[in-house]
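Presented below is the structure to which this report refers.
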Ligand code: A3P
């Protein structure tokens, strides 16, 4: 029941790296028996894959359900991280539909999800852009330093979720799908979540979810996080496909391709690397 300290900011538990002070081993263990409800929605991603983007889309899809008691100040309140309950003590008492985000691997997720009662939206991003985004984020997140990053390895995350996909009710989507055709991505997500959107609602969501508008949206841009934790304006950095080409050397790219081919050879995931 103890987390193993890595440094002042990161700790390890059951093979997964967590932020110090934001969760406990007891909480992570308790998630195993966390009771799942039929209308629960989980967004699962590897960090820097477009989490807050998909979170905003899902939050907007469920905006229609908001009543005075369920209007949250921002997307983090509306769709908190399952593994980081800090400041959200109401996971059990929250009215349905409850929305959660998570970066966890399947082994650490509630066992009840395997009953396929609740829905999981999984967003993956091509790992070259993912790592570049993470690199920049580490510099903006005051307590992170490369190469010690939170979570698991990108390869393990995608492998685990893909291998166990039949045990869950899960929709796989890529960041690149969202960049290339946001409308289709929103329709796909809303249909999967069983939400019929009117044409006006769909247009409203797409408008709110563009990079430019989200960056200005205080509910969605994460500038509500304290500045001593994260520099302002860093969550929405560039929002494009292929930025890795500005950072990778030719040799790094070749090495990356080799590792990628080796590790992903049995995983039929096709990514778009440039447009
Ligand atoms: P970049 O650093 O490449 O710009 P996460 O939310 O998982 O931390 O992912 C952050 C990445 O998603 C950042 O990538 C960010 O710019 C991108 N992103 C967030 N909202 C976006 C949007 N509306 N459109 C395009 N990209 C977005």
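Numbering (the UniProt record's numbering), first residue to last: 12 to 286.
The C-beta atom is built at its ideal place from N, Cα and C for all residues, glycine as well.
Proximity of residue i and residue j at Cβ, strictly below 8 angstroms
i, j, result
"residue 73", "residue 115", "no"
"residue 71", "residue 219", "yes"
"residue 165", "residue 138", "yes"
"residue 45", "residue 123", "yes"
"residue 225", "residue 240", "no"
"residue 198", "residue 108", "no"
"residue 163", "residue 20", "no"
"residue 159", "residue 17", "yes"
"residue 136", "residue 61", "yes"
"residue 66", "residue 86", "yes"
For residue i, three-class secondary structure by DSSP
i, result
"residue 30", "strand"
"residue 240", "coil"
"residue 129", "coil"
"residue 281", "coil"
"residue 15", "strand"
"residue 20", "coil"
"residue 62", "helix"
"residue 220", "coil"
"residue 211", "helix"
"residue 181", "strand"
"residue 123", "helix"
"residue 195", "helix"
"residue 97", "coil"
Assigned exposure category for residue i - 16 Cβ within 10 Å defines buried
i, result
"residue 56", "buried"
"residue 238", "exposed"
"residue 134", "buried"
"residue 59", "buried"
"residue 120", "buried"
"residue 48", "exposed"
"residue 187", "buried"
"residue 161", "buried"
"residue 75", "exposed"
"residue 209", "exposed"
"residue 143", "buried"
"residue 118", "exposed"
"residue 205", "exposed"
"residue 211", "exposed"
"residue 140", "buried"
Presumed contact (8 angstroms Cβ cut-off) between residue i and residue j, rounded CB distance
i, j, result
"residue 128", "residue 178", "Contact flag wrong, Cβ pair sits at about 12 angstroms."
"residue 234", "residue 243", "5 angstroms"
"residue 95", "residue 34", "5 angstroms"
"residue 151", "residue 245", "4 angstroms"
Through-space distance from residue j to residue i, alpha-carbon basis
i, j, result
"residue 217", "residue 25", "38 angstroms"
"residue 42", "residue 131", "16 angstroms"
"residue 93", "residue 68", "18 angstroms"
"residue 274", "residue 170", "9 angstroms"
"residue 286", "residue 15", "42 angstroms"
"residue 189", "residue 156", "29 angstroms"
"residue 268", "residue 104", "47 angstroms"
"residue 106", "residue 256", "45 angstroms"
"residue 50", "residue 271", "36 angstroms"
"residue 112", "residue 259", "30 angstroms"
"residue 277", "residue 174", "10 angstroms"
"residue 79", "residue 89", "13 angstroms"
"residue 184", "residue 28", "24 angstroms"
"residue 230", "residue 266", "40 angstroms"
"residue 193", "residue 202", "14 angstroms"
"residue 254", "residue 282", "14 angstroms"
"residue 168", "residue 23", "16 angstroms"
"residue 91", "residue 284", "30 angstroms"
"residue 63", "residue 263", "28 angstroms"
"residue 37", "residue 101", "16 angstroms"
"residue 181", "residue 200", "11 angstroms"
"residue 145", "residue 252", "14 angstroms"
"residue 279", "residue 196", "20 angstroms"
"residue 31", "residue 213", "39 angstroms"
"residue 228", "residue 215", "14 angstroms"
"residue 261", "residue 81", "50 angstroms"
"residue 77", "residue 232", "20 angstroms"
Cβ-heavy atom distance, residue i to ligand 3, below 7 angstroms
i, result
"residue 75", "Ligand 3 is absent from the structure shown, which contains only ligand 1."
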